[in-house]
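**Student:** This is the structure I have questions about; it appears just below.
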Amino acid sequence: MRSDAPGPHHDWLDDDAGPVVRPYTVTGGRVQPSAGRFDLMAFVVAGPPEEDGDDGPQPQPEQRAIIARAQQPITVADLAADLNLPVGVVRVLLGDLLTSGRISMYDPPTSRQFPDDDILKAVVNGLRAL
Amino acid sequence: MDSGLSDQPVAKRRIPLALKILIAGGFGVGKTTLVGAVSEIRPLQTEEVLTDAGSGTDDLYGVEGKQTTTVAMDFGRITINEDLQVYLFGTPGQDRFWFLWDELAFGALGAVVLADTRRLADCFPSVDYFERRGIPFVVGVNCFDGAKRFGVEAVRSALDLDPDVPVVLCDARSRQSGKEVLVALVEHVAARRAERVAAN
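Here the protein sequences line up with chains A and B, keeping their order.
One point on numbering: in our numbering, the residue at position 20 of the first sequence is 20, and numbering is uninterrupted.
One point on numbering: in our numbering, the residue at position 127 of the second sequence is 257, and numbering is uninterrupted.
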């Protein structure tokens, strides 16, 4: 437990900082994913439904929540925000799901030409239309 | 190929594109306000396990066992269309979280550096960071109520910016103004790209 009141250098630690629970409890204390890199902008897609219920261990509630949200492509960052879990925790959970074949990952393009002019124009037009 | 990558049947599904824009600047300069004005904003937590590189300089207290630190970042999404999304990340304003920036900056389209003319020096580190890494950025001068107004050229000169870096006056509370800053950034990215193509 933290007995010190947050000092002037810790004014970011308010109620919004969330519960004072070791966030890596849900990962069994693991802080590195078993597989994958999981860029914040990578998309997660749940595996085909017929692959659900394979003989692997049953997913835990947090993993089931990920699978439910990943029925449509969803970014790693969105998942963490939706589930109110730290990104590092989500990455470990995704690593397990990737290893057991329950999800697929789609990394953002890394080409130097990305995004191309058409995409940039679409962004400008889209922003203006907001 | 890793198992589970791409060549599964679900690969037929259309995967949208997600572009990342960083919103940087000193503490209290209006990053949260800007992200909230133009996008659906949510907190994004990172519970970082400090590496040796970070732990030497981090002033942690009350942390036993694993060296972790929680950082809540502002995170906003703008849906351009069903295939294209723009994500805004408010970078942590405190120096102790520099180690998070590298991940945020990786693959970023560009950055908005918000500046407050009353504390212009607060945005020097952000400007330095993006200049050193060649990440395109624009400077948004947040015109707070009652803040002494400086001209764009005065800010440019005080920040010693390259002539092609756009400096725009803005009001971080205004959706319209925030959109204009983002548009300025994307147009700057496009212009830089065109120059690079022309130079080759």
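Yeah, the Cβ is synthetic: ideal placement off N, Cα and C, and Gly gets one too.
Here the structure is a predicted model, which is why all the values come from computation and not from measurement.
Can you name the start and end residues of the alpha helix (DSSP H) that residue 254 of chain B belongs to?
**Tutor:** Unbroken alpha helix (DSSP H) run through residue 254 of chain B: 254–263.
**Student:** I need the boundaries of the alpha helix (DSSP H) containing residue 220 of chain B, first residue and last residue.
**Tutor:** Taken as a continuous stretch (DSSP letters only), residue 220 of chain B belongs to no alpha helix (DSSP H), being part of the beta strand (DSSP E) at 214–220.
**Student:** Looking at residue 313 of chain B and residue 270 of chain B, is the spacing between their C-beta atoms short of 7 Å?
**Tutor:** No, Cβ-Cβ distance for residue 270 of chain B and residue 313 of chain B is not below 7 Å.
**Student:** Check this for me: beta carbons of residue 215 of chain B and residue 148 of chain B, under 7 Å apart or not?
**Tutor:** In contact: residue 215 of chain B and residue 148 of chain B (Cβ atoms closer than 7 Å).
**Student:** Please list, in chain order, the residues of the region 25–43 of chain A that have any C-beta partner in chain B closer than 9 Å.
**Tutor:** Here the close residues are 29, 31, 32, 35, 36, 39, 40, 41, 42 and 43.
**Student:** Count the other CB atoms, across all protein chains shown, that sit within 10 Å of the CB of residue 119 of chain A; report buried if there are 16 or more and exposed otherwise.
**Tutor:** Buried.
**Student:** Near residue 128 of chain A, which residues of its chain fall below 6 Å by C-beta distance, leaving aside the five closest residues on each side in sequence?
**Tutor:** Result list for residue 128 of chain A: empty, nothing under 6 Å.
**Student:** Taking C-beta pairs closer than 7 Å, name the residues in chain A that residue 317 of chain B reaches, listed in chain order.
**Tutor:** Per Cβ cutoff of 7 Å: 124.
**Student:** Identify the continuous beta strand (DSSP E) that holds residue 126 of chain A and give its terminal residues.
**Tutor:** No beta strand (DSSP E) contains residue 126 of chain A, which is instead part of the alpha helix (DSSP H) from 117–129.
**Student:** Which chain B residues sit within Cβ distance under 9 Å of residue 80 of chain A?
**Tutor:** Those within 9 Å of residue 80 of chain A in chain B are 174, 175, 176 and 205.
**Student:** Check whether the region 92–108 of chain A touches the region 21–35 of chain A, counting contact only when three or more Cβ pairs, one atom from each stretch, lie closer than 8 Å.
**Tutor:** Yes: at least three Cβ pairs fall under 8 Å.
**Student:** Near residue 88 of chain A, what residues of its chain come up, given a Cβ to Cβ distance below 7 Å and the 5 sequence neighbours on each side ignored?
**Tutor:** Around residue 88 of chain A: 31.
**Student:** Whole angstroms is fine: what's the gap from residue 259 of chain B's alpha carbon to residue 221 of chain B's?
**Tutor:** Going from the Cα of residue 259 of chain B to the Cα of residue 221 of chain B covers about 12 Å.
**Student:** Starting from residue 259 of chain B, find everything on chain A with Cβ-Cβ shorter than 7 Å and list it in chain order.
**Tutor:** Going along chain A, no residue has its Cβ under 7 Å from residue 259 of chain B, so there is no contact; the nearest lies around 18 Å.
**Student:** I'd like to know whether the C-beta atoms of residue 265 of chain B and residue 235 of chain B end up nearer to each other than 7 Å.
**Tutor:** Cβ atoms of residue 265 of chain B and residue 235 of chain B: closer than 7 Å.
**Student:** Along the alpha helix (DSSP H) that carries residue 43 of chain A, what are the first and last residues, could you check?
**Tutor:** Taken as a continuous stretch (DSSP letters only), residue 43 of chain A belongs to no alpha helix (DSSP H), being part of the beta strand (DSSP E) at 43–46.
**Student:** What does the Cβ neighbour count give for residue 256 of chain B, buried or exposed, with the cut at 16 atoms within 10 Å?
**Tutor:** Buried, by the Cβ-count rule.
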